[in-house]
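First comes the structure, then the notes that go with it.
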Amino acid sequence: MLRPIRTLAAAAAALALVSACNSASNGSSPGKPGAAGNSRGVSAGSIKVGGIVSMTSASGYSKKDTDLGAKARYLRANAEGGINGRKIDYLGAEDDGQDPAKNMAAARKLVQQDKVFAVAPMSSVTFSGADFLEQEKVPTFGWGTLPSFCGPKYIYGFNGCLVPSPGGTLNQTWPEGIGRLLGGAQGKSVAVIANDSDAGKFGIRTFQQGFAAAGFKVSYAKASVPATAVPSDWSAYVKDLLESNDGKAPDAVVSVMQTPNNIGLFTALKRSGYRGLLSDPTDYDPGLLTKDATKQALDGVHVLLQFQPFESADPKMAQFKTDIKAAAGGQEVPLNMHMLTGYMSADLFVSIAQKAGKELTVESFQAAAQGFSDTGTLVGDRSEPKGQKDSFGCGALVQLRGGAYEVSVPFSCRQPIPFK
């Protein structure tokens, strides 16, 4: 947890944070969120920010490194002078355990007790606190894989809106990338499987449309796997998948699930003799390669990325790696997508807040967001408020082969399609 230290020595240190107070920048007491001159969590010298992350879960899956990624970006921002002279007082992330009740409780704590100006990052498969944060006018940033990131005024996806409502657009990186790997989508079939959760159901809805639009026959599309526990027996799911293409196996099986489920499903599919393409949006994590069983289960799997691969030579990726190492106390740590989720959530918040100027209020922040754009980031070109309705349209695919990740479809930005 990154907290400011009220000492002269810490104030002089390169990465020190200034102690936060709850008074507004003009010295008056905190007022109604968004009121001119009175903004919760903003003082003359600091901006208070917190996060909500699934550090733990019933399945054992963890997004805890999202917190480290956010910390890394805030540390660099503070080392460079903060946001228009204010240091970021990052309180760290609350653990929601992937539980809707805990997600709401975390949102209430950060706003009502900790008095944060913003929530960045928010990373979970549930976002029951979204309506509360929107009502309280709390700028909130995370991975736009839930419908709450699509439409509300104060909630932003770091790579845009990935599960839009009708009238929005769909990112076609995954369907077009898999089509490229299969030598074209025409005449090819794909089965899409997900957890029985909000994220899973919206994933099925969006990817079913995206793969069909790319020219695939979608032979199976169900959010059928329990979200609360990893199945001990995958045989029924494997049978359904392998008979989904008019009694035959599909050309590709796409899993919109987390690592423990993917390991179980892909292992069962391989043991059944399936030789088609396997893909998911989760398992880009060098830490997974430390266990032979995990490495074997995921070998050959193509993983969807909505950011530059760690293998990229882009200078911004080099900066990310440097920042992560600094946040980890100078230690080399295995990189994973959760780190980048936290990092880019924080980066979008910092970038918009810089544009808002010295008089930082929720109103000035929102005004800055309305005309915000930049180019060439680790998630491509960004633009608001476009990102609250549409994906930024960029991504890549990497494949685990022989114990190492290789780029199978390079990072690029594709034309999104209308979502119906």
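If you read the sequence shown in the numbering used here, its first letter stands for residue 1407, the second for the next number, and so on. We put the beta carbon where it would ideally sit given N, CA and C, even for glycine.
- At 3 residues or longer, and completely inside the region 1543-1567: list those beta strand (DSSP E) runs for me, N to C. Within the region 1543-1567, the beta strand (DSSP E) runs of at least 3 residues that lie entirely inside it are, in chain order, 1546-1548, 1561-1563.
- Query: With PHE1564 and TRP1549 assumed to form a contact (beta carbons below 8 Å), what rounded beta-carbon distance in angstroms separates them?
  - Reply: Confirmed, about 6 Å.
- Would the beta-carbon of VAL1455 fall within 8 Å of that of VAL1522? Closer than 8 Å, so yes.
- Message: Please classify GLN1821 as buried or exposed, where buried requires at least 16 other C-beta atoms within 10 Å of its C-beta.
- Response: Exposed: under 16 other Cβ atoms inside 10 Å.
- Item | CA-to-CA distance, ASP1729 to ARG1482, given in whole angstroms | Taking the straight line joining both Cα atoms gives about 7 Å.
- Where does LYS1731 fall in DSSP's three states? Of the three classes helix, strand and coil, the one that applies to LYS1731 here is helix, per DSSP.
- Item | LEU1588 in three-state terms, based on DSSP | In the structure shown, LEU1588 sits in coil (DSSP, three-state: anything other than H, G, I, E or B).
- Are THR1462 and GLY1488 closer than 8 Å when you measure CB to CB? Judged by their CB atoms, THR1462 and GLY1488 are not nearer to each other than the 8 Å cut-off.
- Consider the C-beta atom of PRO1721 and the heavy atoms of the ligand SAM; say whether any pair is separated by less than 7 Å. The ligand SAM is not part of the structure shown, which contains no ligands of any sort.
- Nearest CA to the CA of MET1518: which residue from PRO1715, LEU1539, TYR1626? Before going on, a small fix: residue 1518 reads as Gln here, not Met. Checking every option, the nearest Cα to that of GLN1518 belongs to LEU1539.
- Please list, in chain order, all residues of the same chain as THR1551 whose beta carbon is under 7 Å from its beta carbon, the five residues on each side excluded. Close CB contacts of THR1551 within its chain, under the 7 Å cut and outside five residues either way in sequence, are with LEU1568, VAL1569, ALA1605 (chain order).
- Message: Taking the beta carbon of PRO1572 as the centre, do at least 16 other beta carbons fall within 10 Å, making it buried, or is it exposed?
- Response: In summary, PRO1572 is exposed, with fewer than 16 beta-carbon neighbours lying within 10 Å of its beta-carbon over all protein chains present.
- Message: Can you tell me whether THR1696 is buried or exposed? The criterion is at least 16 other CB atoms within 10 Å of its CB, across all chains shown.
- Response: With fewer than 16 other CB atoms across the displayed protein chains lying within 10 angstroms of its CB, THR1696 is exposed.
- Task: Specify the secondary structure class of PRO1822 as computed by DSSP and reduced to three states.
- Result: If DSSP states are grouped into helix, strand and coil, PRO1822 belongs with coil.
- Task: Check whether the Cβ atoms of GLY1475 and THR1665 lie closer than 8 Å to each other.
- Result: No; because the gap between Cβ atoms is not below 8 Å, this pair is not in contact.
- Query: Residues bridged to ARG1788 by DSSP?
  - Reply: DSSP output for ARG1788 lists ASP1780 as bridge partner(s).
- Task: From the DSSP output, read off the bridge partner residues of LEU1754.
- Result: Paired residues: none, contrary to the question.
- Starting from VAL1804, follow its DSSP beta bridges and name the residues at the other end. As a beta-bridge residue in DSSP terms, VAL1804 pairs with VAL1709, VAL1813.
- Task: Name the one or two DSSP bridge partners that ASP1501 has.
- Result: According to DSSP, ASP1501 bridges with VAL1459.
- Message: With H, G and I counted as helix, E and B as strand and the rest as coil, what does DSSP make of LEU1581?
- Response: At residue 1581 the sequence reads Pro, which differs from the Leu that was named. If DSSP states are grouped into helix, strand and coil, PRO1581 belongs with the helices.
- Task: Using only alpha-carbon positions, find the residue among ASP1505, VAL1662, VAL1544, ALA1512 that is nearest to GLY1447.
- Result: For the set ASP1505, VAL1662, VAL1544, ALA1512, the Cα lying nearest the Cα of GLY1447 is the one of VAL1544.
- Message: In the DSSP assignment, the alpha helix (DSSP H) including PHE1644 goes from what residue to what residue?
- Response: According to the sequence as given, residue 1644 is Val; it is not Phe. Its alpha helix (DSSP H) spans residues 1641-1648.
- Query: Any chance the region 1589-1606 sits against the region 1622-1642, with 3 or more Cβ pairs inside 8 Å?
  - Reply: Flag = yes, the region 1589-1606 and the region 1622-1642 touch.
- Message: Considering only the alpha carbon of each residue, which of MET1510, LEU1710, SER1818 lies closest to ASP1686?
- Response: Ranking the options by Cα distance to ASP1686, first place goes to LEU1710.
- Query: Excluding the five sequence neighbours on either side, which residues of its own chain have a C-beta within less than 7 Å of the C-beta of GLN1760, listed in chain order?
  - Reply: Annotation for GLN1760: ILE1489, ASN1490 place their beta carbon closer than 7 Å to its own, counting only its chain and skipping 5 residues before and after.
- Message: Just to confirm my understanding: we take ALA1655, look at its own chain, exclude 5 residues before and 5 after, and list those with CB closer than 7 Å. What are they?
- Response: If you ignore the 5 residues before and after ALA1655, its C-beta comes within less than 7 Å of the C-beta of LEU1648, TYR1680, GLY1682, all in its own chain and listed in chain order.
- Query: Could you check where the alpha helix (DSSP H) with PRO1506 kicks off and where it finishes?
  - Reply: DSSP places PRO1506 in the uninterrupted alpha helix (DSSP H) bounded by 1506-1514.
- Query: Hey, quick one: how far does the beta strand (DSSP E) through ALA1629 stretch, first residue to last?
  - Reply: Counting along the chain, ALA1629 sits inside the beta strand (DSSP E) bounded by residues 1623-1631.
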